[in-house]
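In order, the protein sequences belong to chains U and C.
Going by our numbering, the letters in the first sequence line up with residues 1 to 216, in that order.
Going by our numbering, the letters in the second sequence line up with residues 217 to 432, in that order.
There are 2 protein chains.
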Amino acid sequence: MTDRKKRRKPGETREKLMESALTLVGKGRHYASLGIREVTRQAGVVPTSFYRNFRNMDDLGLELVDQLGLVLRRMMREARINVVQADERLIEESVDIFIRHVEANRDFFFFMAQGLAGESRAVQDGIRSEMRYFATELANDLRRMGVMSHLGDADLELTCDLVVRTVAFSFTDLLGVSPDDDAQIQQIRDRTTRFLQLIFIGAEHWESGRKAKEGV
Amino acid sequence: MTDRKKRRKPGETREKLMESALTLVGKGRHYASLGIREVTRQAGVVPTSFYRNFRNMDDLGLELVDQLGLVLRRMMREARINVVQADERLIEESVDIFIRHVEANRDFFFFMAQGLAGESRAVQDGIRSEMRYFATELANDLRRMGVMSHLGDADLELTCDLVVRTVAFSFTDLLGVSPDDDAQIQQIRDRTTRFLQLIFIGAEHWESGRKAKEGV
DNA sequence: TCTCTGTGTGTACATTCGTTCACAGAATGT
DNA sequence: ACATTCTGTGAACGAATGTACACACAGAGA
Numbered sequence: 001m002t003d004r005k006k007r008r009k010p011g012e013t014r015e016k017l018m019e020s021a022l023t024l025v026g027k028g029r030h031y032a033s034l035g036i037r038e039v040t041r042q043a044g045v046v047p048t049s050f051y052r053n054f055r056n057m058d059d060l061g062l063e064l065v066d067q068l069g070l071v072l073r074r075m076m077r078e079a080r081i082n083v084v085q086a087d088e089r090l091i092e093e094s095v096d097i098f099i100r101h102v103e104a105n106r107d108f109f110f111f112m113a114q115g116l117a118g119e120s121r122a123v124q125d126g127i128r129s130e131m132r133y134f135a136t137e138l139a140n141d142l143r144r145m146g147v148m149s150h151l152g153d154a155d156l157e158l159t160c161d162l163v164v165r166t167v168a169f170s171f172t173d174l175l176g177v178s179p180d181d182d183a184q185i186q187q188i189r190d191r192t193t194r195f196l197q198l199i200f201i202g203a204e205h206w207e208s209g210r211k212a213k214e215g216v
Numbered sequence: 217m218t219d220r221k222k223r224r225k226p227g228e229t230r231e232k233l234m235e236s237a238l239t240l241v242g243k244g245r246h247y248a249s250l251g252i253r254e255v256t257r258q259a260g261v262v263p264t265s266f267y268r269n270f271r272n273m274d275d276l277g278l279e280l281v282d283q284l285g286l287v288l289r290r291m292m293r294e295a296r297i298n299v300v301q302a303d304e305r306l307i308e309e310s311v312d313i314f315i316r317h318v319e320a321n322r323d324f325f326f327f328m329a330q331g332l333a334g335e336s337r338a339v340q341d342g343i344r345s346e347m348r349y350f351a352t353e354l355a356n357d358l359r360r361m362g363v364m365s366h367l368g369d370a371d372l373e374l375t376c377d378l379v380v381r382t383v384a385f386s387f388t389d390l391l392g393v394s395p396d397d398d399a400q401i402q403q404i405r406d407r408t409t410r411f412l413q414l415i416f417i418g419a420e421h422w423e424s425g426r427k428a429k430e431g432v
């Protein structure tokens, strides 16, 4: 009651609203079922304030997709720094970084998993676009590291796409378990690692295998 | 206004309600955002009727999961009939059947894709359980056909799990395109086929590859 | 210093929601 | 034939929702 009604910083309420939406999603609510009043309530702000910052919930969702893009880029950067040499630990280290980021940005990845089959087409496309970008960057990195050099560009891109999808699907596993159920998280980590190993082994033998299938 | 208020058949309204929920989902709405009144309105029934048949929307969702199970089993049966010999067309034929069923039961698969990251934990687990069952059956079939006979049970199950996940992720691709955009559907079909080929090639070389990774 | 613009507040209203209740007509078992 | 049970109806409620409007106050530019 002392400092209410003050304007702290430009964009402060805006961030608070986005954060509140994410928090609700993190608590198990689905983004599509969130209402304007609900979000403003969680943010400790009057409903009208919402319209000062967003036109509707879809608008807010698109902003969240942008921020999600930043999170993904941070994750990619860390992976690039820590995983430089292409040895047999490449996959495991990358999965570790992935799991760590999911735990640190739990709500964002909740939102991402929901958005893939969400209500707003725009959000859906946005997330899909982020995944494409991620796959492309992954392909570039692998090229740079000299991994899978026998694959053509299209085939490498195909492989990376499958990798990203597989990892993305692991969200839905990860999100189902409590954040401190280490045993179960370890199990998901192992399983994801094996999935990726399976894919990479397939990619290693891809050309020949593909020719064999197509030749007949 | 002639025959209103008649009770047609037991469970008729019940089916109409489930069908209406699916229809709304098929129109792009997210299941989590559907309300009781909305569903009953779509079904051409008074809101109160809902409670005669379901306790709440989660309850209806669980029934839908059960029906989804039937759809999946039908799909599996057709695949078993039409894909008997394990030749190089196995994957393509299976993907064909899969695509055909998704198109024929569009709304169900919408619901499934949404439910994986949905609001109701019970529905989430139900869908997850259906996927596990599907993967197990797939593993049995492959065993019976003598495919991947060099893999241990655990590794075969791992492979099938990845296959099911990959196919499930293709839903979200398929659902984004118009049902009669044949060119795009064909593209998704091809891409999915290649994903599976990649996985199976990986599985073929799995033991050796795994040992090589683990041995060092 | 003064004005203007941006941002948050409070009030308000029509609409929609979930849920309850008493009632009516068809089906079912005896 | 009759009582019971099952299923759908209509009206009604209190609560929550989206959105509009007028107002208040802080900071930026003159």
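From the three backbone atoms N, C-alpha and C, an ideal C-beta is built for every residue, glycine too.
Closer than 8 angstroms at the beta carbon, the chain C residues around residue i
| i | result |
| --- | --- |
| Leu246/U | No information on residue 246/U is available, as it lies outside the stretch 1 to 216 that chain U covers here. |
| Leu64/U | By Cβ distance, chain C contributes nothing, its closest Cβ being about 15 angstroms from Leu64/U, past 8 angstroms. |
Neighbouring residues, chain C, relative to residue i (Cβ below 7 angstroms)
| i | result |
| --- | --- |
| His205/U | Ile417 and His421 |
| Gln114/U | Ala333 |
| Thr172/U | Leu332 and Ala333 |
| Leu151/U | Chain C residues near Leu151/U: none, gap ~11 angstroms exceeds 7 angstroms. |
8 angstroms Cβ cut-off: residues of chain U touching residue i
| i | result |
| --- | --- |
| Ala399/C | Neighbours of Ala399/C on chain U: none; closest Cβ ~18 angstroms, over 8 angstroms. |
| Ala338/C | None at all; the shortest Cβ gap to chain U is about 12 angstroms. |
| Phe350/C | Within chain U, no residue comes near Phe350/C; the closest Cβ sits about 15 angstroms away, beyond 8 angstroms. |
| Leu354/C | The contacting residues do not exist; Leu354/C stays about 15 angstroms from chain U at best. |
| Leu358/C | None at all; the shortest Cβ gap to chain U is about 15 angstroms. |
| Leu306/C | Residues of chain U passing the Cβ test: none, with the nearest at roughly 10 angstroms. |
Closest Cα partner of residue i within the set the options
| i | options | result |
| --- | --- | --- |
| Arg80/U | Arg128/U, Asn140/U and Asp161/U | Asn140/U |
| Thr388/C | Asp125/U, Gln187/U, Asp173/U and Thr159/U | Asp125/U |
| Ile315/C | Gly331/C, Phe416/C and Ile401/C | Ile401/C |
| Gln436/C | Tyr349/C, Met361/C, Glu353/C and Glu308/C | Lying before the first or after the last residue shown, residue 436/C is absent from chain C, which here runs from 217 to 432. |
| Val45/U | Glu19/U, Ala32/U, Val25/U and Glu63/U | Glu19/U |
| Asp396/C | Phe327/C, Met347/C and Arg322/C | Arg322/C |
| Ala351/C | Gln301/C, Arg289/C and Val299/C | Arg289/C |
| Ala237/C | Thr256/C, Glu228/C and Gly227/C | Thr256/C |
| Ser94/U | Phe111/U, Ala104/U, Phe109/U and Met75/U | Met75/U |
| Phe326/C | Leu142/U, Arg165/U, Ala117/U and Leu162/U | Ala117/U |
| Val433/C | Ser249/C, Met347/C, Arg230/C and Asp406/C | With chain C running from 217 to 432 in the structure shown, residue 433/C is simply not present. |
| Lys16/U | Ser178/U, Phe50/U and Lys27/U | Phe50/U |
| Ser249/C | Ala338/C, Gly277/C and Glu319/C | Gly277/C |
| Thr229/C | Asp312/C, Gly244/C, Lys243/C and Thr264/C | Thr264/C |
| Leu200/C | Phe385/C, Val241/C, Gly331/C and Ala399/C | An answer regarding residue 200/C cannot be provided, because it is not within the stretch 217 to 432 covered by chain C. |
| Val281/C | Leu390/C, Tyr247/C and Ala320/C | Tyr247/C |
| Phe416/C | Met328/C, Glu319/C, Asp312/C and Leu367/C | Leu367/C |
| Asp439/C | Phe324/C, Val363/C, Gly251/C and Met273/C | Because residue 439/C is not part of the residues shown, which for chain C are 217 to 432, the question remains open. |
| Glu157/U | Trp206/U, Glu78/U, Ala113/U and Thr193/U | Trp206/U |
| Leu162/U | Arg410/C, Leu358/C and Arg359/C | Arg410/C |
| Gly227/C | Glu254/C, Glu279/C, Thr375/C and Val241/C | Glu279/C |
| Asn56/U | Gln67/U, Gly69/U, Leu68/U and Glu38/U | Glu38/U |
| Gly69/U | Glu137/U, Thr166/U and Asp190/U | Glu137/U |
| Phe108/U | Leu198/U, Asp59/U, Gly26/U and Glu204/U | Gly26/U |
| Ala370/C | Thr408/C, Ala419/C, Ser336/C and Gly392/C | Ala419/C |
| Ser178/U | Gly244/C, Ala329/C and Arg337/C | Arg337/C |
Interface residues of chain U facing residue i [CB-CB closer than 7 angstroms]
| i | result |
| --- | --- |
| Ser249/C | Ala32, Ser33 and Glu119 |
| Phe385/C | Arg165 and Phe169 |
Listed by chain order, chain C residues near residue i by CB distance under 9 angstroms
| i | result |
| --- | --- |
| Gly176/U | Arg337, Gln340, Asp341 and Arg344 |
| Leu72/U | Those do not exist, as Leu72/U stays about 17 angstroms from chain C at its closest Cβ, beyond 9 angstroms. |
| Leu68/U | Simply none; closest approach about 14 angstroms. |
Chain-ordered neighbours of residue i on chain U, where CB pairs are closer than 9 angstroms
| i | result |
| --- | --- |
| Leu276/C | Neighbours of Leu276/C on chain U: none; closest Cβ ~15 angstroms, over 9 angstroms. |
Suppose only complete runs of 4+ residues qualify. What are the alpha helix (DSSP H) ranges in the stretch 148–203 of chain U, listed by chain order? 153–176
Sequence ranges, alpha helix (DSSP H) only - wholly within the stretch 79–114 of chain U, length at least 4: Counting only runs of 4 or more residues that sit fully inside the stretch 79–114 of chain U, the alpha helix (DSSP H) segments are 90–104, in chain order.
What are the residues of the stretch 230–264 of chain C that lie near chain U, defined by any Cβ-Cβ distance shorter than 8 angstroms? Gly244, Arg245, His246, Ala248 and Ser249
Inside the stretch 38–66 of chain U only - alpha helix (DSSP H) runs reaching at least 4 residues: 47–53
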